[in-house]
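Colleague: Before I ask anything, here is the structure I am working with.
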Amino acid sequence: MRSAGLLWREYRFERRLFWRNPSAAFFSFLLPLVLLFLVASIFARDRAELDVLVPGIAGLAVLGATFTALAYNVTFLREQGILKRVRGTPLPASAYVGGLLASAVQNAIAQVALIVAIGHVVYGLPWPRDPLALVAFTALGVICFAALGIAFSHAIPNSDSAAAYVNAVFLPTILISGVFFSARSLPPVLEGVAQALPLKHVIDGLAGAILTTDGFAGNASAFVVVALWSLAGLVLAVRYFRWE
Amino acid sequence: MTVRSAAEPPAIVIEDLRKSYGSVEAVRGISLTVARGEVFGLLGPNGAGKTTTVEVLEGYRRRSGGSVSVLGHDPADRSRALRERIGIVLQGGGFYPRLEVGEAVAHFAALYPAPRDPAETVALVGLGAEERVRVRELSGGQRRRLDLALALVGDPELIFLDEPTTGFDPAARRAAWQTIRTLRELGKTIFLTTHYLDEAQALADRVTIVKDGVVVAEGPPGALGSGDGAYQVAYERDGRRVEHRTVDPTRLLNELTSEALAGGWRLEGLTVNRPTLEDIYLELTEESDPLPTEEAAE
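Right, dumping it as structure tokens:
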């Protein structure tokens, strides 16, 4: 019971820290919205393109709020010696990491909700036709990318190089995974890469949930792929976690 | 110093501690005991195994061999009960840069079952005027004091100080020493590592000197100097400095002066020295770096 209280406290603390760091707040919160408005204004001339773009941006937001934010954050916390300090206190590792994750997850969920609402109000997409599938794919995407973000932080040597490492993964992934345009127009090799990575499947799942009534059954294979990546991410994140 | 009952078990017992990193054996069989309420100094040059030893005690590293007991716990178990009773001063770092000093101390205080008052702890380490200052704006010395405040705020019985004054200017060192003396008066057990001899002499009730991962000397700092009781007698002859060591300088001087008088020459530059702890420390550690070099610090 006391551990749950400590987790809650750590989560509240992480929220406070989040708002103290304007650049992180920008990347996690404003960037996906700015991209949505820009790309929609410049390229999206019809509903078909918006049907691709809105779920794509929602997927990007999940990736940014979890994978990108945690890869940066954990690298920074390790480099600053904060992880080491926390490890020397009575705070259980589960409460600490749980609070860190919960804060990132909150950002991701708020983003998806906001983008789905903007999609409906501004761009005329339906309210999600399969809300349960929306929740399921958002939750699975959050677990998957949060785990992969922590796992990826183990490969980043220091905070100075974090941006280079993260962008080397983030930018190509969003370009080939159908964030801005349908992944069907890709060259076969790149399409194969996109099929192997989890983001495209998260986006397919979100699109199915928003646009169809059988979002879950229609994207069962996507769900399986993301679940497998989640498993791999969790194993890597835990196995190679370094406190200093 | 708080007087403790002799029956009270020691704060720390280490027996034959070993720690290897790959093929490198950093600690090769260290044994020591720290009584409750004492200031214990682990002294040695850089690379002697001090930090490895203290990190095993703190629970940061797993030992390769030997047994370790800290307040009755094996730190390798990483039990929360133990971490509630110890305070760790890191070698700098470990701060949230965007927090205010008071916020940082209050945040960590809440992790302990019976913490000290955060504001009073901030004042104790001399940061009372900086309570509303963000950590990133603190000077190097102020950060070290914050480090101490974070280690103290849980009101621990045992405090680990790993090279607490490395990089300090003399005034800051004196202030840190005064704080450590205050902690001892509060009845805390203090495990201190340092490569500064004068620091061990000034603060520690007992000292263990380590070198290359093994204990080379131990005892109260005052007693270490008289271990073999050797005096150093030196003079110049034919432009060369000649040195003798003896436990009986009277006899040696008698022999030397008789010889010189008989031979009709003088003992130029004759000196007789009682070795200080520093001489012994340097002698014990001479095969490594001749002097403990100070890490660059802000």
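If you read the protein sequences in the order shown, they are chains U and H.
The numbering of the first sequence is this note's numbering, which starts it at 192 and goes up by one.
The numbering of the second sequence is this note's numbering, which starts it at 43 and goes up by one.
Ideal Cβ positions, reconstructed from N, Cα and C, are used throughout, including at glycine.
1. State the Cα-Cα distance for the pair V417 of chain U and P389 of chain U, rounded to the nearest angstrom.
2. Can you round the beta-carbon distance between F407 of chain U and A327 of chain U to whole angstroms, since I take them to be within the 8 Å contact cut?
3. Does W318 of chain U pass the burial test, meaning 16 or more other C-beta atoms within 10 Å, or should it be called exposed?
4. Interface residues of chain U around H149 of chain H at Cβ under 7 Å?
5. Where in the segment 149–206 of chain H do unbroken runs of the beta strand (DSSP E), each at least 3 residues long, occur, reported from the N-terminal end onward?
6. Between which two residues does the beta strand (DSSP E) carrying T235 of chain H extend?
7. Hey, A295 of chain U and L261 of chain U are a contact pair by Cβ (cut 8 Å); roughly how many whole angstroms apart?
8. Less than 6 Å between C-beta atoms, sequence neighbours within five positions excluded: which residues of the same chain meet that for Q271 of chain U?
9. Under 9 Å between beta-carbons, which chain H residues line up against K391 of chain U? List them in chain order, please.
10. Here's a check: name, in chain order, each residue in its chain whose Cβ is nearer than 6 Å to the Cβ of L203 of chain H, leaving out the five neighbours to either side.
11. Excluding the 5 residues preceding and the 5 following A338 of chain U in the sequence, name in chain order all residues of the same chain whose CB lies nearer than 7 Å to its CB.
12. Within 9 Å of any Cβ in chain U, is that where the Cβ of A233 of chain H sits?
13. Using the C-alpha atoms, what's the distance from F209 of chain U back to A216 of chain U?
14. Rounded to whole angstroms, how far is the Cβ of V253 of chain U from the Cβ of G310 of chain U, which I believe are closer than 8 Å?
15. Taking Cβ-Cβ distances below 8 Å as the criterion, which residues of the segment 278–301 of chain U are in contact with chain H?
16. For E71 of chain H, which option in H:S106, H:L99 and H:G64 has the closest C-alpha, if you only look at C-alpha atoms?
17. How do the segment 239–248 of chain U and the segment 363–372 of chain U stand: do at least 3 beta-carbon pairs fall below 8 Å, yes or no?
18. Could you say if the segment 170–177 of chain H and the segment 114–125 of chain H meet the contact criterion of at least three C-beta pairs nearer than 8 Å?
19. As a quick exercise: from H:R248, H:D254 and H:Y277, pick the residue whose alpha carbon is nearest that of A265 of chain H.
20. Y102 of chain H touches chain U at which residues, Cβ-Cβ below 8 Å?
21. Quick check: the Cα distance between P157 of chain H and G136 of chain H, rounded to an integer number of angstroms?
22. I'd like to know whether the C-beta of G170 of chain H is nearer than 9 Å to at least one C-beta of chain U.
23. Smallest Cα separation from R178 of chain H: which of H:P139, H:D189, H:R187 and H:V66?
24. Beta strand (DSSP E) containing A259 of chain H: first to last residue?
25. At what residues does the beta strand (DSSP E) containing R60 of chain H begin and finish?
26. Using a Cβ-Cβ cut-off of less than 7 Å, list which residues of the segment 211–239 of chain U approach chain H; keep chain order.
27. Starting from the C-beta of S160 of chain U, find all residues in its chain whose C-beta is less than 6 Å away, skip the five residues before and the five after it, and write them out in chain order.
28. Along the chain, where does the beta strand (DSSP E) containing H286 of chain H start, and where does it finish?
29. Among H:P262, H:E285 and H:L298, whose alpha-carbon lies nearest the alpha-carbon of G315 of chain H?
30. If we call anything under 9 Å between Cβ atoms a contact, is T231 of chain H one with V76 of chain H?
31. If I measure Cβ to Cβ from E435 of chain U and keep anything under 6 Å in the same chain, skipping five residues before and after, which residues do I get?
32. Is L74 of chain H near T250 of chain H, with beta carbons less than 9 Å apart?
33. Give the residues from the segment 358–387 of chain U that approach chain H closer than 9 Å (Cβ to any Cβ), ordered along the chain.
34. Quick one: list the residues of chain U neighbouring G144 of chain H, beta-carbon separation under 9 Å, in chain order.
Modeller: With the given structure in hand:
1. 5 Å
2. 6 Å
3. exposed
4. F204
5. 200–204
6. T231 to T236
7. 6 Å
8. none
9. Under the 9 Å cutoff, chain H gives no residues; its nearest Cβ is about 36 Å from K391 of chain U.
10. V131 and L234
11. S421, G424, L425 and A428
12. According to the sequence provided, residue 233 of chain H is Phe. The question's Ala does not apply to it. Answer no: the Cβ-Cβ gap between F233 of chain H and chain U never drops below 9 Å.
13. 6 Å
14. Not confirmed; about 15 Å, so no contact.
15. R278, G279, T280, P281, L282 and P283
16. The residue you asked about is not Glu; residue 71 of chain H is Gly in the sequence shown. It is H:S106.
17. yes
18. no
19. H:R248
20. K275, R278, G279, W434 and E435
21. 19 Å
22. no
23. H:P139
24. V256 to G261
25. I54 to Y63
26. R211 and N212
27. This structure does not reach residue 160 of chain U, given that chain U is present from 192 up to 435, and the question cannot be answered.
28. R282 to T288
29. The residue asked about is misnamed: residue 315 of chain H is Asn in this sequence, not Gly. Selected option, being the one with the closest Cα: H:E285.
30. yes
31. K275
32. yes
33. none
34. Within 9 Å Cβ-Cβ: nothing; G144 of chain H doesn't reach chain U, min ~14 Å.
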